[in-house]
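A.B. asks: Starting off with a structure, shown below.
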Amino acid sequence: MRSQIGLVTQEPTLLSLSVKDNIAYGRSATSDQIEEATKTIHAHDFITSLEMGYKTQVDLAHVGRTGLSLTEEQKIKISIAHVVLSNPSILLLDEVTSGLNFKAEKVVQEALDILMLGRSTIIIARRLSLILLYI
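Here the sequence shown stands for residues 1 to 135, numbered as in full-length UniProt numbering.
Here it is as C-alpha cells:
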C-alpha cells in the first residue's frame, strides 16, 4: 500500500546529497527517467541552471560550504519530482504551498496540477481557495 501513495509536504525531506540523488532516493532510476520527471513538472530548467546541474549538492546546514542552499520553491519541486518518479496512484498533499509567496505558490501549483492528473488526490490546506480549484 505504501508504494501506491505519494506524499508532498510544505517542508520537503531532502538529504545532503545531490539534487539527482534526492529525486531518485530509494529508487533505481536512470538519468533519463530523473530528467523526464523534472521536465514533467517544469523543474528541469532551474536544475540545469545550477552551477553543477543535477550533481549540485544540497546544503541542509545553510552555511554554503558543502553545497547550495535552495529556495523553498526549489525544495518542493525536487520533492514533487521524487513523487513523479515513483508514479503513485494516490497523492497526499499536505499544506504544500502554505509557506510560499504568491509567485512561488503559483509555480508550485502548476507542478502539482500536472502531478495530480489521473491520480486520486487528498489535499490538506488551510486556504479554501486552493482546494476550490479541484472541486
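From the three backbone atoms N, C-alpha and C, an ideal C-beta is built for every residue, glycine too. All values derive from a computational prediction rather than experimental measurement.
Mapping the DSSP letters down to three states, classify residue 132 as helix, strand or coil.
C.D. replies: The three-state reading of DSSP puts residue 132 in helix, counting H, G and I together.
A.B. asks: With a Cβ-Cβ cutoff of 8 Å, do residue 8 and residue 79 count as a contact?
C.D. replies: For residue 8 and residue 79, yes; Cβs fall inside 8 Å.
A.B. asks: Could you say which of 71, 33 and 36 lies nearest to residue 50 if we only look at CA atoms?
C.D. replies: 71
A.B. asks: CB-CB under 6 Å to residue 64, same chain, minus the five flanking residues each way: which ones, in chain order?
C.D. replies: In this predicted model, residue 64 has a pLDDT of only 47, less than 50, meaning its place in the structure is not dependable; the value taken from the coordinates is given anyway. So the list is empty, once near-sequence residues are dropped.
A.B. asks: Assuming the contact rule is C-beta atoms closer than 8 Å, residue 84 and residue 115 should be a hit. Round their C-beta distance to whole Å, please.
C.D. replies: 6 Å
A.B. asks: Does the distance from the C-beta atom of residue 5 to that of residue 111 stay below 8 Å?
C.D. replies: no
A.B. asks: What are the residues that DSSP puts in a beta bridge with residue 6?
C.D. replies: 91
A.B. asks: Going by beta carbon distance, what residues of the same chain come within less than 8 Å of residue 88, once the five residues before and after it are set aside?
C.D. replies: 3, 4, 5, 6 and 119
A.B. asks: Tell me whether residue 101 is buried or exposed, calling it buried when 16 or more other Cβ atoms sit within 10 Å of its Cβ.
C.D. replies: exposed
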